[in-house]
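Let me begin by presenting the structure, written as C-alpha coordinates, before commenting on it.
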Amino acid sequence: MVSAARRALPGAVPDVRVAIDGPGSSGKSSVGMAAASALGLRFVDTGLLYRALTWLAMRRGVAVGDGPAVAALAPDVELAPDAEGRLSRVRVGGHDVTRSVRAAAVDRYVSEVARQPDVRAALVAVQRRLAADAGIVMVGRDIGTVVLPDADLKIYLDASAAERARRRALERGLDPDGPETAAIREDLARRDAVDSSRALAPLRPADDAVVLVTDGMPFAAVVERVVALARARVPDGRGQEGTA
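Just add 266 to wherever you are in the sequence shown, counting from 1, and you've got the working numbering.
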(Lines of atoms letter the chains of each structure in order from A; the text may use other names.)
(Lines give C-alpha, C1' and ligand atoms only; values in the text may rest on other atoms or scores of the structure.)
Protein backbone atom coordinates (compact mmCIF):
# COMPACT_ATOMS: atom_id res chain seq x y z
CA MET A 267 0.00 0.00 0.00
CA VAL A 268 2.85 2.41 0.73
CA SER A 269 6.34 2.50 -0.76
CA ALA A 270 8.19 4.97 1.43
CA ALA A 271 10.04 5.04 4.72
CA ARG A 272 7.97 6.17 7.63
CA ARG A 273 10.70 8.20 9.26
CA ALA A 274 10.69 11.99 9.16
CA LEU A 275 12.88 13.75 6.64
CA PRO A 276 16.17 15.34 7.82
CA GLY A 277 15.59 18.66 9.56
CA ALA A 278 12.02 17.85 10.53
CA VAL A 279 10.26 19.72 13.29
CA PRO A 280 10.35 17.05 16.00
CA ASP A 281 7.30 15.30 17.42
CA VAL A 282 4.73 17.27 15.43
CA ARG A 283 1.84 15.64 13.62
CA VAL A 284 -0.32 18.06 11.65
CA ALA A 285 -3.85 17.14 10.55
CA ILE A 286 -5.40 19.30 7.82
CA ASP A 287 -9.04 18.75 6.90
CA GLY A 288 -11.46 20.55 4.63
CA PRO A 289 -13.86 20.19 1.72
CA GLY A 290 -12.84 19.54 -1.87
CA SER A 291 -10.62 22.20 -3.50
CA SER A 292 -10.20 24.08 -0.23
CA GLY A 293 -6.45 24.00 -0.87
CA LYS A 294 -5.57 21.48 1.81
CA SER A 295 -3.39 19.31 -0.44
CA SER A 296 -1.33 22.11 -1.98
CA VAL A 297 -1.06 23.95 1.34
CA GLY A 298 -0.17 20.74 3.15
CA MET A 299 2.54 19.92 0.60
CA ALA A 300 4.11 23.35 0.86
CA ALA A 301 3.92 23.39 4.65
CA ALA A 302 5.45 19.92 4.89
CA SER A 303 8.36 21.03 2.70
CA ALA A 304 8.92 24.13 4.81
CA LEU A 305 8.83 22.09 8.01
CA GLY A 306 10.89 19.18 6.70
CA LEU A 307 8.08 16.71 7.38
CA ARG A 308 6.59 13.82 5.44
CA PHE A 309 3.35 14.55 3.59
CA VAL A 310 0.35 12.32 2.92
CA ASP A 311 -2.76 13.24 0.96
CA THR A 312 -5.25 10.64 2.18
CA GLY A 313 -7.78 11.70 -0.45
CA LEU A 314 -5.56 10.00 -3.02
CA LEU A 315 -6.36 6.67 -1.42
CA TYR A 316 -10.11 7.16 -1.77
CA ARG A 317 -9.70 8.49 -5.29
CA ALA A 318 -7.48 5.57 -6.24
CA LEU A 319 -10.00 3.01 -4.98
CA THR A 320 -12.81 4.83 -6.78
CA TRP A 321 -10.87 4.89 -10.05
CA LEU A 322 -9.83 1.26 -9.71
CA ALA A 323 -13.37 0.13 -8.93
CA MET A 324 -14.67 1.95 -12.00
CA ARG A 325 -11.92 0.52 -14.16
CA ARG A 326 -12.55 -3.05 -12.99
CA GLY A 327 -16.33 -2.85 -13.10
CA VAL A 328 -16.82 -3.03 -9.33
CA ALA A 329 -19.92 -1.20 -8.09
CA VAL A 330 -18.81 1.88 -6.14
CA GLY A 331 -21.55 1.21 -3.58
CA ASP A 332 -20.25 -2.29 -2.82
CA GLY A 333 -18.10 -1.46 0.19
CA PRO A 334 -16.54 -4.89 0.81
CA ALA A 335 -15.67 -5.33 -2.88
CA VAL A 336 -14.10 -1.88 -3.14
CA ALA A 337 -12.20 -2.34 0.14
CA ALA A 338 -10.78 -5.58 -1.24
CA LEU A 339 -9.01 -3.52 -3.91
CA ALA A 340 -6.97 -1.61 -1.31
CA PRO A 341 -3.88 -3.88 -1.48
CA ASP A 342 -3.61 -3.10 -5.21
CA VAL A 343 -3.16 0.62 -4.57
CA GLU A 344 0.27 2.00 -3.71
CA LEU A 345 1.21 5.47 -2.52
CA ALA A 346 4.64 6.45 -3.77
CA PRO A 347 6.97 9.34 -2.86
CA ASP A 348 7.88 12.17 -5.17
CA ALA A 349 11.37 13.67 -5.39
CA GLU A 350 10.93 15.34 -1.99
CA GLY A 351 9.67 12.24 -0.23
CA ARG A 352 6.02 13.35 -0.16
CA LEU A 353 3.51 10.54 -0.68
CA SER A 354 1.74 12.35 -3.49
CA ARG A 355 1.86 9.73 -6.25
CA VAL A 356 -0.44 6.77 -6.87
CA ARG A 357 0.60 3.51 -8.51
CA VAL A 358 -1.49 0.53 -9.51
CA GLY A 359 0.24 -2.52 -10.92
CA GLY A 360 3.50 -0.59 -11.06
CA HIS A 361 1.99 2.16 -13.23
CA ASP A 362 1.67 5.79 -12.15
CA VAL A 363 -2.05 6.66 -12.27
CA THR A 364 -1.93 9.92 -10.30
CA ARG A 365 -3.37 11.98 -13.15
CA SER A 366 -6.14 9.45 -13.77
CA VAL A 367 -7.38 9.40 -10.17
CA ARG A 368 -7.88 13.19 -10.28
CA ALA A 369 -10.23 13.00 -13.27
CA ALA A 370 -13.72 14.53 -13.18
CA ALA A 371 -15.32 11.08 -13.45
CA VAL A 372 -13.71 10.14 -10.13
CA ASP A 373 -15.05 13.34 -8.53
CA ARG A 374 -18.55 12.11 -9.24
CA TYR A 375 -18.27 8.86 -7.31
CA VAL A 376 -15.57 9.26 -4.68
CA SER A 377 -18.02 10.37 -1.98
CA GLU A 378 -20.03 7.19 -2.51
CA VAL A 379 -16.88 5.13 -2.03
CA ALA A 380 -15.74 7.17 0.98
CA ARG A 381 -19.03 6.66 2.84
CA GLN A 382 -18.66 2.83 2.84
CA PRO A 383 -17.70 1.55 6.33
CA ASP A 384 -15.54 -1.28 4.96
CA VAL A 385 -13.56 1.16 2.81
CA ARG A 386 -13.04 3.63 5.63
CA ALA A 387 -11.95 0.89 8.05
CA ALA A 388 -9.37 -0.39 5.57
CA LEU A 389 -7.95 3.03 4.77
CA VAL A 390 -8.00 4.49 8.29
CA ALA A 391 -5.78 1.61 9.38
CA VAL A 392 -3.34 2.46 6.57
CA GLN A 393 -3.36 6.15 7.49
CA ARG A 394 -2.67 5.48 11.15
CA ARG A 395 0.28 3.27 10.28
CA LEU A 396 1.70 6.09 8.19
CA ALA A 397 1.47 8.44 11.17
CA ALA A 398 2.90 5.96 13.68
CA ASP A 399 6.20 7.89 13.72
CA ALA A 400 6.24 11.57 14.58
CA GLY A 401 6.77 14.23 11.97
CA ILE A 402 4.02 14.26 9.36
CA VAL A 403 1.49 16.49 7.65
CA MET A 404 -1.62 14.49 6.76
CA VAL A 405 -4.55 15.96 4.86
CA GLY A 406 -8.06 14.65 4.29
CA ARG A 407 -11.62 15.02 5.51
CA ASP A 408 -11.55 13.24 8.86
CA ILE A 409 -7.92 13.36 9.95
CA GLY A 410 -8.41 15.54 13.01
CA THR A 411 -11.71 13.98 14.00
CA VAL A 412 -11.12 10.26 13.35
CA VAL A 413 -7.72 9.26 11.99
CA LEU A 414 -5.48 11.36 14.28
CA PRO A 415 -7.67 12.76 17.06
CA ASP A 416 -4.50 13.28 19.12
CA ALA A 417 -2.64 15.25 16.42
CA ASP A 418 -0.50 18.08 17.75
CA LEU A 419 -2.13 20.56 15.39
CA LYS A 420 -5.51 20.33 13.68
CA ILE A 421 -6.43 22.75 10.92
CA TYR A 422 -9.67 23.02 8.98
CA LEU A 423 -9.21 24.83 5.67
CA ASP A 424 -12.40 26.21 4.19
CA ALA A 425 -13.52 28.41 1.31
CA SER A 426 -16.80 29.19 -0.41
CA ALA A 427 -18.09 26.80 -3.07
CA ALA A 428 -17.69 29.54 -5.67
CA GLU A 429 -14.04 30.08 -4.79
CA ARG A 430 -13.30 26.37 -4.72
CA ALA A 431 -14.97 25.86 -8.10
CA ARG A 432 -12.89 28.70 -9.54
CA ARG A 433 -9.68 27.10 -8.28
CA ARG A 434 -10.56 23.69 -9.68
CA ALA A 435 -11.52 25.21 -13.05
CA LEU A 436 -8.18 27.02 -13.28
CA GLU A 437 -6.35 23.78 -12.44
CA ARG A 438 -8.10 22.14 -15.39
CA GLY A 439 -7.60 25.05 -17.78
CA LEU A 440 -11.30 25.94 -17.87
CA ASP A 441 -13.01 29.32 -18.08
CA PRO A 442 -13.72 30.26 -14.43
CA ASP A 443 -16.92 31.97 -15.60
CA GLY A 444 -18.02 29.23 -17.99
CA PRO A 445 -20.67 26.54 -17.71
CA GLU A 446 -18.11 23.88 -16.81
CA THR A 447 -17.21 25.87 -13.71
CA ALA A 448 -20.88 26.18 -12.76
CA ALA A 449 -21.14 22.40 -13.01
CA ILE A 450 -18.05 22.01 -10.83
CA ARG A 451 -19.59 24.31 -8.24
CA GLU A 452 -22.77 22.24 -8.18
CA ASP A 453 -20.76 19.03 -7.82
CA LEU A 454 -18.71 20.48 -4.96
CA ALA A 455 -21.89 21.57 -3.17
CA ARG A 456 -23.36 18.10 -3.66
CA ARG A 457 -20.26 16.43 -2.30
CA ASP A 458 -20.15 18.83 0.66
CA ALA A 459 -23.72 17.80 1.53
CA VAL A 460 -22.91 14.10 1.23
CA ASP A 461 -19.67 14.30 3.19
CA SER A 462 -21.05 16.46 6.01
CA SER A 463 -24.24 14.44 6.48
CA ARG A 464 -22.87 10.89 6.37
CA ALA A 465 -23.27 8.92 9.58
CA LEU A 466 -19.67 7.67 9.57
CA ALA A 467 -16.86 10.22 9.98
CA PRO A 468 -18.76 13.27 8.64
CA LEU A 469 -16.82 16.23 7.29
CA ARG A 470 -16.54 18.80 10.08
CA PRO A 471 -13.86 20.71 11.96
CA ALA A 472 -12.48 18.99 15.05
CA ASP A 473 -13.55 20.74 18.25
CA ASP A 474 -9.99 21.97 18.80
CA ALA A 475 -9.15 22.76 15.17
CA VAL A 476 -7.94 26.11 13.91
CA VAL A 477 -10.38 27.12 11.16
CA LEU A 478 -8.87 29.08 8.26
CA VAL A 479 -11.25 30.52 5.67
CA THR A 480 -9.07 31.16 2.63
CA ASP A 481 -11.31 33.20 0.28
CA GLY A 482 -9.16 36.10 -0.91
CA MET A 483 -6.16 34.87 1.09
CA PRO A 484 -2.93 34.49 -0.92
CA PHE A 485 -1.62 30.95 -1.06
CA ALA A 486 1.73 31.94 0.49
CA ALA A 487 -0.05 33.56 3.42
CA VAL A 488 -2.04 30.40 4.12
CA VAL A 489 1.13 28.29 4.05
CA GLU A 490 2.95 30.73 6.32
CA ARG A 491 0.09 30.57 8.80
CA VAL A 492 0.11 26.78 8.87
CA VAL A 493 3.89 26.67 9.28
CA ALA A 494 3.76 29.18 12.15
CA LEU A 495 1.05 27.19 13.91
CA ALA A 496 3.05 23.97 13.51
CA ARG A 497 6.26 25.52 14.81
CA ALA A 498 4.35 26.71 17.87
CA ARG A 499 3.68 23.05 18.67
CA VAL A 500 7.30 21.95 19.00
CA PRO A 501 8.09 20.71 22.52
CA ASP A 502 9.72 23.96 23.67
CA GLY A 503 6.90 26.09 22.28
CA ARG A 504 3.82 23.86 22.50
CA GLY A 505 0.58 25.75 22.86
CA GLN A 506 2.01 29.23 22.20
CA GLU A 507 -0.41 29.85 19.37
CA GLY A 508 -3.86 28.30 18.97
CA THR A 509 -6.18 30.72 17.27
CA ALA A 510 -6.45 32.04 13.76
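Just so you know, even glycine gets a beta-carbon here, dropped at the ideal spot from N, CA and C.
Computed from a prediction, not measured in an experiment: that's the story for all the values here.
{"Query": "For PRO334, which residues from the same chain have a beta carbon less than 6 Å from its beta carbon, with the 5 sequence-adjacent residues on both sides left out?", "Result": "ASP384"}
{"Query": "Thinking C-beta only, is ALA340 closer than 8 Å to ALA388?", "Result": "yes"}
{"Query": "Could you tell me the boundaries of the alpha helix (DSSP H) in which ALA494 lies?", "Result": "485-497"}
{"Query": "Quickly, what does DSSP pair LEU423 with across the bridge? List them, please.", "Result": "LEU478"}
{"Query": "Whether or not the region 325-332 and the region 420-435 are in contact is what I'm after, with contact meaning three or more pairs of Cβ atoms, one per stretch, closer than 8 Å; do they touch?", "Result": "no"}
{"Query": "For GLY406, does the count of other Cβ atoms within 10 angstroms reach 16, so buried, or fall short, so exposed?", "Result": "buried"}
{"Query": "What is the DSSP secondary structure of ALA346, counted as helix, strand or coil?", "Result": "strand"}
{"Query": "Use the C-beta contact count for ARG325: other C-beta atoms within 10 angstroms, 16 or more gives buried, fewer gives exposed.", "Result": "exposed"}
{"Query": "Here's a check: name, in chain order, each residue in its chain whose Cβ is nearer than 7 Å to the Cβ of LEU440, leaving out the five neighbours to either side.", "Result": "GLU446 and THR447"}
{"Query": "Terminal residues of the continuous alpha helix (DSSP H) containing VAL363?", "Result": "VAL363 -> no alpha helix (DSSP H), and no H or E assigned at all."}
{"Query": "Once DSSP output is grouped into helix, strand and coil, what is the label at ARG470?", "Result": "coil"}
{"Query": "Using DSSP with H/G/I as helix, E/B as strand and the rest coil, what is ALA285?", "Result": "strand"}
{"Query": "Once you ignore the five residues that flank ASP458 on each side, which residues in its own chain have a CB closer than 6 Å to its CB?", "Result": "PRO289"}
{"Query": "Taking the C-alpha atoms as reference points, what is the distance between GLU350 and VAL336?", "Result": "30 Å"}
{"Query": "Roughly how many angstroms lie between the CA atoms of SER377 and GLU452, to the nearest whole one?", "Result": "14 Å"}
{"Query": "Give a yes or no on whether the C-beta atoms belonging to VAL310 and ALA496 are separated by under 8 Å.", "Result": "no"}
{"Query": "Exposed or buried, what is GLY401 when buried is set at 16 or more other beta-carbons lying within 10 Å of its beta-carbon?", "Result": "buried"}
{"Query": "Given this structure, state the Cα-to-Cα distance separating ALA487 from VAL328, to the nearest angstrom.", "Result": "42 Å"}
{"Query": "First and last residue of the beta strand (DSSP E) that includes GLY406?", "Result": "402-406"}
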